[in-house]
Amino acid sequence: MQEYEVIIIGAGVSGCAAARELSRYDVKVCVLEKEEDVCCGTSKANSGIVHAGYDAPVGSLKAQMNLRGNEMMEKLAEELDIPFVRNGSLVVCRSEEDMPKLRELYDRGIANGVKGLQILGREEVLAKEPNVTEEVYAALYAPTGGIVCPFELNIALAENAYANGAEFRFGTEVQEIRRLEEGYELVTDQGIFRAGFVVNAAGVYADRFHNMVSGRKIEITARRGDYCLLDKSAGNHVKSTIFTLPGKFGKGVLVAPTAHGNLILGPTAIDIEDKEGTNTTREGLDQVLERVGMNAKNLPMRQVITSFAGLRAHEKNDEFVIEELEDAPGFIDCAGIESPGLTSCPAVGERIAGILRERMGLTEKKDFISVRKGILKPVTLPKEERARLIKENPAYGNIICRCEMITEGEIIDAIRRPLGARSLDGVKRRTRAGMGRCQAGFCSPRVMEILAREWDIDIRDVTKSGGASKVLAGTNKDIL
Amino acid sequence: MNNQLSADIVIIGGGPAGLAAAVAAKKNGIDRILILERDRELGGILNQCIHNGFGLHTFKEELTGPEYAARFIGQILELNIAYKLNTMVMDISRDKVVTAMNREEGLFEVRAGAVILAMGCRERPRGALNIPGFRPAGIFSAGTAQRLVNMEGYLPGREVVILGSGDIGLIMARRMTLEGAKVKVVAELMPYSGGLKRNIVQCLDDYGIPLKLSHTVVDIKGKERLEGITLAEVDGRGKPIPGTEEFYSCDTLLLSVGLIPENELSAGMGVELNPVTSGPRVNESLETNIEGVFACGNVLHVHDLVDFVSEEAAAAGKNAAAYVRAAKETAGRAAERASFPAVRLTVGTGVRYTVPETICAERMDEHQTVRFRVGGVYKNCYVSVYFDGERISRRKKAVVAPGEMEEIMLTKKQLMEYPDLKEINVRIEEA
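The listed protein sequences correspond, in order, to chains A and B. If you read the first sequence in the working numbering, its first letter stands for residue 205, the second for the next number, and so on. If you read the second sequence in the working numbering, its first letter stands for residue 610, the second for the next number, and so on.
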């Protein structure tokens, strides 16, 4: 049995942001994650958008977290050395009769405290974004909208929390939670954990854990969003994030550059039963391709390099639930964190840490390390420095992923650093090796070699994403 | 950078195209040639093509891919042509300064008199097809699987479905079978195969592997490792027909769904690309819109047979050599070029593209091969050539198909007879 003061269930952005904020204090924290890595659920499959904050209802926790998260993101990105761009966003309105809805959005944004909002006329929009649909009538412009790399944000939060003493247990699935006199006992497939306080940041599974300890049940529905990702050659198609006026389900389909210069289209919003249902469907992808034409034109659809689906953790009251349970003291929910969850995560972490600080009487560490250095990207260095780097470490002269120009040095760094990559997907999310236009066709055998060498395992045991996802089945003629 | 190298011709890529271009350039009198190869050895994709069928045209005998490559590598060594392995070209400037990188030398620049683009192609990934479903381990492009099996000795899976009947897919159906896997079916979206007829016979028919034309994968099952896929028949527009779905359990899906010339470097230096081939637009010398920059092999347009790659690349090597010599002799090649008007090659019914896209009668050799692909299957048809609307030749063909590259031959004599010629049109006509 292992004891901690705080156990966080889930190593997505919310769990890791909470871990990082808590690591400012003298408190023993452990994050339990059922997958082999951080960022394996909702956090890895979303739009990567930092929302301005005009969507959520005035006075809601969602609105509050969105605004605060947006405001915090810039400094956080700097501290954690991750790509973040305030590229601005446009909500496209296609007809005069929809203008009241656009004004409503504007008014709500103002009431929520969003800065710099403007309603732009057709010509202004087209001057700003020539590839917006010709049918544009007007648009709501939010200069504070941004884009961030969701993987790097999640990974960096975890790494920084770890550097400040938070522990992480991967491949550890919580199966049962028992109330103790003081605190909770968590039964996992890796043994029993105890803690006085539990943070439930389990994404689409947050209702399961909540309902284990509380009589007031909550319900989280997996709301699937399908996406298409286009090659970097299409990354300049639009500069801002382009939304359509929100409909009944989510925010419609957006077109946006990603923090790394691809173009992303999506998502759909389809409620599903299966909380593991991250499969795209024909209907979903068709819907993305069809609806995307509502807000942008001339999209180079031949440049699609991959499609994927993510599950939003939708709470039935459409609100974030971030609070200690009245009927389960010491159990803190972080549930229903759907959009704008990524934007909100810095604020969500802050709020959770705040709740625990009050409850536990936590004191700040003197030696909190606020900065984290990302994986060194030689491509960002001036030529002379890059040459020096290769001289010192020749692995930085060896390109493994030719599409994204990722070197062996970066992949080794991704594996060796704390909470390092153990699988192809782990390497991919940390370095982008395999994320380019050939989608790992050329580099995967090489990355597998490096993983096998660095972890000292047989290459046949290298996985795509942990568990049973082995890439190779055996050797030639081994069963003949 | 302190040490800038220079070479008369820098060849980007040491695969079949780069090797043949280098040999030809050397034989045409250029000594300072440098081949830059990103992989661990010369030979390119041939090294993983351990099946036979290579060299029937070039060497009049049947070789495996590595044997075919070895013939050229032997000549490279004999002719003392310089090359660097494990070297990635990062950038080529419009004035032909090549920036490259490797472990030993770090970043370095090579100032080139001429550049031959011979980077080959890459495979279209699953994402380009928008195949719905999960994204588990066990989905490979056929070429990746080929490398794992043929060069590294690992079997990617045991129960296999192959989507796409391109040549690599067909070859891998046989290879996986020989290595102990069960290949259940090869599915092809189009109503015809994208591969060579001989490969369908020798790789599928001989092993009893069914080929399902007008079928595609409509779902992928399995969260961690692939568990199975669903095939469905498609209608004339490639849309799945409801009710025709059929589930196949399998742990591996190989995709052989097309090759894309790898022209990021070319585009970066300002080379104009043809959207149909995704390769550079070239003239009769295989020279791009940038003077002294030539292209050959699969980076120019995807070939079926390496023999034709070698032939094309040899022409590029020879022309690059001529360019270098001329540049050394005369300062004003631009003036020379301007005095010869180029004839445009255009495509008519059934023809998707031609390589080259322009021909200059004065500059061309006695014979000029024009290669092209058709857009569909045509039986008992003619391949016809029109000079400014006048048909000057037609050749009867029993069948032409997108999977087999076609060619016509033009002669200098023919073109000289039409001094005011503006346009040569190639088309398929019914017999």
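Idealized CB from N, CA, C, for every residue including glycine. Remember, it's a predicted structure, so these values are computed and weren't measured experimentally.
Neighbourhood of A677 (chain A) in chain B, by CB distance below 7 Å: L764, P765, G766, R767, D860, in chain order. Looking at the backbone, the Cα of E568 (chain A) and that of R561 (chain A) are separated by about 9 Å. For a Cβ distance threshold of 8 Å, residue set K668, S673 of chain A lies close to P745 (chain B), ordered along the chain. In the DSSP annotation of this structure, the continuous segment of the alpha helix (DSSP H) that includes H414 (chain A) starts and ends at 410-417.
Shown in chain order are the members of the stretch 692-716 of chain B whose Cβ falls below 8 Å from a Cβ of chain A: N695, M697, M699, M710, N711, R712, E713, E714, G715, L716. Neighbourhood of E480 (chain A) in chain B, by CB distance below 7 Å: K832, in chain order. Three or more beta-carbon pairs separated by less than 8 Å are not found between the stretch 887-894 of chain B and the stretch 779-791 of chain B, which leaves the two stretches without contact. Taking 3 residues as the minimum length, the beta strand (DSSP E) runs contained wholly in the stretch 752-788 of chain B are 768-772, in order along the chain. Of the candidates A:Y409, A:N502, A:E386, A:R312, the residue whose Cα lies closest to the Cα of T337 (chain A) is A:N502. As DSSP reads the structure, V1009 (chain B) sits in a beta bridge with B:Y987. Interface annotation for the stretch 506-540 of chain A against chain B: V508, I509, T510, S511, F512, criterion Cβ-Cβ distance under 7 Å. For R756 (chain B), the chain A residues whose C-beta falls within less than 8 Å of its own C-beta are P649, listed in chain order. At a cut-off of 9 Å between beta-carbon atoms, T753 (chain B) makes contact with chain A. In the structure shown, Y816 (chain B) adopts helical secondary structure according to DSSP, grouped into three states. At a cut-off of 9 Å between beta carbons, D828 (chain B) contacts chain A. By the rule that beta-carbons nearer than 9 Å mark a contact, C243 (chain A) does not touch chain B. As the crow flies, the alpha-carbon of P544 (chain A) is around 10 Å from that of F524 (chain A). Around the Cβ of M1025 (chain B), a 10 Å sphere holds fewer than 16 other Cβ atoms; the residue is exposed. Counting C-beta pairs with one atom in each stretch, the stretch 344-364 of chain A and the stretch 320-335 of chain A have three or more that are closer than 8 Å, which means they touch. The alpha-carbon of V403 (chain A) is positioned some 12 Å away from that of G216 (chain A). A Cβ-Cβ separation of about 7 Å places A223 (chain A) in contact with A362 (chain A) under the 8 Å criterion. The residues L361, C549, P550, V552, G553, in chain order, have a CB closer than 7 Å to that of A221 (chain A) in the same chain once the five nearest residues on each side in sequence are set aside. Among the residues of chain A, those whose CB is under 9 Å from the CB of G789 (chain B) are G678, N680, K681, D682, I683, L684, following chain order. Less than 9 Å separates the beta-carbon of T246 (chain A) from that of G407 (chain A).
Between A426 (chain A) and E477 (chain A), the C-beta gap is smaller than 9 Å, which places the two residues in contact. In the displayed model, P849 (chain B) falls within a strand according to three-state DSSP. The three-state secondary structure of P622 (chain A), taken from DSSP, is coil.
Look at P741 (chain B): its C-beta is under 9 Å from a C-beta on chain A.
A residue is called buried when at least 16 other Cβ atoms come within 10 angstroms of its Cβ; M639 (chain A) meets this threshold and is buried. If you keep only unbroken beta strand (DSSP E) runs of at least 3 residues inside the stretch 251-292 of chain A, you get nothing at all.
According to DSSP, Y692 (chain B) shares a beta bridge with B:I644. With its beta carbon less than 9 Å from one in chain B, S437 (chain A) belongs to the interface. Restricted to the stretch 480-548 of chain A, the beta strand (DSSP E) segments that are unbroken, complete and at least 3 residues in length are 508-519, 525-529, 532-539, listed in chain order. Three or more Cβ pairs drawn from the stretch 463-477 of chain A and the stretch 423-438 of chain A lie within less than 8 Å of each other, which places the two stretches in contact. Counting C-beta pairs with one atom in each stretch, the stretch 854-872 of chain B and the stretch 821-839 of chain B have three or more that are closer than 8 Å, which means they touch.
Under DSSP, L716 (chain B) shares a beta bridge with B:M710.
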